[in-house]
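Working notes, structure below.
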Amino acid sequence: MNTPVPTRGLLPEAWRVDLPVFEGPLDLLLQLVKVNKVEITDIPVATICDQFHAYLALAEELDLDLAAEYIYEAALLIHLKSRMLLPRTPRAPGEPEEDPREELVARLLEYRRLKEAAQSLAEIESLRRGIWRREGGPPEDLGAPAEEAGEIDLGDLSLYDLLGALRGVLVRYDKAHPPAYHLDREHFSVRDQVHRLLAELDRGRPFDLVADLRARSCRAEVIAAFLAVLELARLSLVRVHQTEAGDVVLYRTTREAAGEELEALAG
Amino acid sequence: MTERAEMEAAIEAVLFVSSEPVPRERLAEMFDEADRAEAAAAIDAVVRRYAAEGGGDGEGGEGGDGAGGGGRGVFVEEVAGGVRLVTRPEMNPWLRRFFEVTGSQKLSMAAIETLAIIAYRQPMTAPEIQELRSVSPSGVIKTLLERRMIRIAGRKEVVGRPFLYCTTREFLVHFGLKSLKDLPPLDELDEALEEAGGEIG
Amino acid sequence: MTERAEMEAAIEAVLFVSSEPVPRERLAEMFDEADRAEAAAAIDAVVRRYAAEGGGDGEGGEGGDGAGGGGRGVFVEEVAGGVRLVTRPEMNPWLRRFFEVTGSQKLSMAAIETLAIIAYRQPMTAPEIQELRSVSPSGVIKTLLERRMIRIAGRKEVVGRPFLYCTTREFLVHFGLKSLKDLPPLDELDEALEEAGGEIG
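Chains as they are written, first to last, in the working numbering: chain A, 1 to 267; chain B, 1001 to 1201; chain C, 2001 to 2201.
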């Protein structure tokens, strides 16, 4: 099927000058319904689809970072547009024929209801933003509970607060107890790194140590890998060489590793 | 047995020092069993005292003690199942000028849309909200959790076991609602909006 | 040019919000030069408004039309630094009573953190919690026990045989959890809130 390249000429005059931003694809669709002065229940799919695409094209031109949901909705619209062209099959004898737009209409109506509700909430909010509470809490000398930052009424305490609190504790604990690398050995043992390095070196290619260390997943693994290199050098299993360019290259020596030597390495 | 005037004074004092909405029953509990009916009337009296509009209309016989007539800067609002003493919204420009405060952070339209969906359809999961808005709500949900407008209310027993979200007491306070029943009905929004506006003024 | 009623309302609102005494000049400075004399009179009017004594004249209207006359729980106090709105000293027994009856449902940050630690690492002993928070948790453990969020689940067989703490059924109910397995892992929420933010390109 051939989708015509949408042009901005399809968009309402005002949008071509100052492209509005929407809360999402449904919001854009609602606005298109409005500017075209059509009923939600009887949407001219082809027109709306073309305008939707024109909006997307213009938004892209303007480097507006539209969410992927717009693209998804655009695809749905094209699909719908094509279905509108197909002959429709009656559901059952006597019943009205199926309208491919039904689902879109239902979604739009539902969204419009919620959007109206949201707008009324927004109006209430802007009225109420002018309300101030008294500064300072209740008097503690009269038995009122001391107010301190961060305290929360038990009734209002949520899982989100609990998670935030736990995260706070762990962050503070980590700061007070900087991780010593021996804690990480459980995950990245020097022995594993020795085996990994030997396997790499046995492929016979020049081995760039810095690049290899950069490719490690975290600091703990870098440390383990580096210790492994030192061990390998100590056991004369590798030779470490610095090139004139500054690269550090490892070479495998001819010496064969004795099993127990490797076993003795830090686990 | 407590004098009615003393009751009203005590209620006013408590409302003055409490920063959160106080349920009427908790106010009444300050007094003896036998006084509870009178206490309820006293609470109403204090609420009405602050409801007196500026300009001194109506309160004719009142000039003497200087209580009436002058404009009121505070009022008792009924919210989140309780009552609290706060400034009238019209005082905002004066307060901002005096305390030299600029702008308070307002919820974005995306946040309010998501909040409306949760408020009317709670409990809701993020995928359900996305279905309704056609936009991923994850960033907005985080904002709403941080602003304490919504809370996690368990998990839904469907694939992925997503979190269920509900609105909070803070939500009621923020939007001046007595309870969730007070939400503007989805179908009679215009009417309800007028009412809500009238209540504040 | 500001209406007198509006002036009084603004002054009342500022006094209500401010926890510090406010110099009269600063109150007057809210208004235009030309209004300063009027402003001074408005301040006096607000002070008088709150000065109306409790037991006074208004008692007559017992039907409770609430239009003033009722006792006042707050008054405008003249102190060195200016004027401020405070509760009348006679109200102190009532305030004490109110806070006694209602108690506090507030949890401190320390209590919330301790609850989070116990929830995620249970069973935990006080020394273990102290190790994580580097603060003795005994006070907050008491609070959490009183609030029935945690319970004692035996003793740990180590030196000192400290109590082991677990969360309670009420804890699960409060957070809408079916079982402890439903507690969200630390990073799940982040993932839930950050994923699906897919953008073009």
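Just so it is clear, CB atoms sit at the ideal spot from N, CA and C, and this is done for glycine as well.
Legend entry - residue 2077 of chain C: first and last residue of the uninterrupted beta strand (DSSP E) it sits in: 2074–2079
Inset, instruction - For residue 70 of chain A, count neighbouring C-beta atoms within 10 Å of its own C-beta (all shown protein chains included) and say buried if the count is 16 or more, exposed if not. - result: buried
Inset, instruction - Determine which residues of the stretch 98–131 of chain A have a Cβ less than 9 Å from any Cβ of chain B, and write them out in chain order. - result: 107, 110, 111, 113, 114, 115, 116, 117, 118, 119, 120, 121, 122, 123, 124, 125, 126, 127, 128, 129, 130, 131
Inset, instruction - Could you spell out the range, first to last residue, of the alpha helix (DSSP H) harbouring residue 168 of chain A? - result: 159–176
Inset, instruction - Report the rounded CA-to-CA distance for residue 2061 of chain C versus residue 1017 of chain B, giving the unit in angstroms. - result: Any reading at residue 2061 of chain C must be qualified, since the residue scores a pLDDT of 36, below 50, and its modelled position is unreliable; the value itself is stated next. One C-alpha to the other measures close to 27 Å.
Legend entry - Inter-residue CB distance, residue 249 of chain A and residue 207 of chain A (contact presumed, cutoff 8 Å): 6 Å
Inset, instruction - Can you give me the start and stop residues for the alpha helix (DSSP H) that residue 1167 of chain B sits inside? - result: First-last for residue 1167 of chain B: 1163–1167, but that is the beta strand (DSSP E), not the alpha helix (DSSP H).
Inset, instruction - Quick one: grab the DSSP three-state call for residue 1011 of chain B. - result: helix
Legend entry - Amino acids of chain A, ordered along the chain, whose beta-carbon sits closer than 7 Å to that of residue 2119 of chain C: 162
Inset, instruction - Could you tell me which residues DSSP pairs with residue 2082 of chain C in its beta bridges? - result: C/2079
Inset, instruction - Using the Cα positions of residue 2055 of chain C and residue 1022 of chain B, report the straight-line distance between them to the nearest angstrom. - result: Confidence in residue 2055 of chain C is poor, its pLDDT being 39 and thus under 50, which makes the residue's placement too unreliable to answer from.
Inset, instruction - Give every residue of the same chain whose Cβ lies closer than 8 Å to the Cβ of residue 64 of chain A, excluding the five residues on either side of it in the sequence, and list them in chain order. - result: 19, 21
Inset, instruction - Work out the CA separation of residue 1087 of chain B and residue 1074 of chain B for me, nearest whole Å. - result: 4 Å
Legend entry - Neighbouring residues, chain C, relative to residue 1087 of chain B (Cβ below 7 Å): 2013, 2016, 2017
Inset, instruction - Mind checking who residue 249 of chain A pairs with in its DSSP beta bridge? - result: A/208, A/241
Inset, instruction - Flag this pair as yes or no: are the beta carbons of residue 1123 of chain B and residue 1166 of chain B separated by less than 8 Å? - result: yes
Inset, instruction - Pick helix, strand or coil for residue 1087 of chain B, following the three-state DSSP scheme. - result: strand
Legend entry - chain A contacts from the stretch 2170–2186 of chain C (Cβ-Cβ distance under 7 Å): 2175, 2184, 2186
Inset, instruction - Pull up the distance between the alpha-carbon of residue 2041 of chain C and that of residue 34 of chain A, whole angstroms please. - result: 55 Å
Legend entry - Run of the alpha helix (DSSP H) containing residue 155 of chain A, from where it starts to where it stops: No alpha helix (DSSP H) holds residue 155 of chain A; DSSP gives it neither H nor E.
Legend entry - Cβ neighbour criterion (16 or more within 10 Å) applied to residue 2027 of chain C: buried
Inset, instruction - Indicate, with yes or no, if the ligand COA has a heavy atom lying under 7 Å from the CB of residue 1112 of chain B. - result: Only the bare structure without any ligand can be found here, which leaves the ligand COA out of the picture.
Legend entry - For residue 1132 of chain B, the nearest candidate out of B/1114, B/1159, B/1012 (CA to CA): B/1114
Inset, instruction - Return the CA-CA distance between residue 2092 of chain C and residue 2078 of chain C, expressed in angstroms with no decimal places. - result: 19 Å
Legend entry - DSSP state of residue 58 of chain A mapped onto helix, strand, coil: helix
Legend entry - Within-8 Å CB hit, residue 2161 of chain C to chain B: no
Inset, instruction - Identify the contact partners of residue 2072 of chain C in chain B, using a Cβ-Cβ distance below 7 Å as the criterion. - result: 1009, 1012
Legend entry - DSSP state of residue 259 of chain A mapped onto helix, strand, coil: helix
Legend entry - Cβ-based burial, residue 352 of chain A [other Cβ within 10 Å; buried from 16]: The structure shown does not extend to residue 352 of chain A, since chain A spans only 1 to 267, so no value can be given for it.
Legend entry - Within chain C, partners of residue 13 of chain A - CB distance below 8 Å: Ordered by position in chain C, no residue passes the 8 Å Cβ test against residue 13 of chain A, which lies about 26 Å from the chain.
Legend entry - residue 45 of chain A in three-state terms, based on DSSP: helix
Legend entry - Other residues of its chain near residue 1031 of chain B: CB distance less than 7 Å, five sequence neighbours each side excluded: 1002, 1007, 1039
Legend entry - Supposed close pair residue 1155 of chain B, residue 2182 of chain C - CB separation, criterion 8 Å: 6 Å
Inset, instruction - With residue 1129 of chain B as the anchor, note down where its alpha helix (DSSP H) starts and where it stops. - result: 1126–1133
Inset, instruction - Tell me whether the beta-carbon of residue 1172 of chain B lies closer than 8 Å to the beta-carbon of residue 1083 of chain B. - result: no
Inset, instruction - Using a Cβ cut-off of 8 Å (strictly closer), state whether residue 54 of chain A contacts chain C. - result: no
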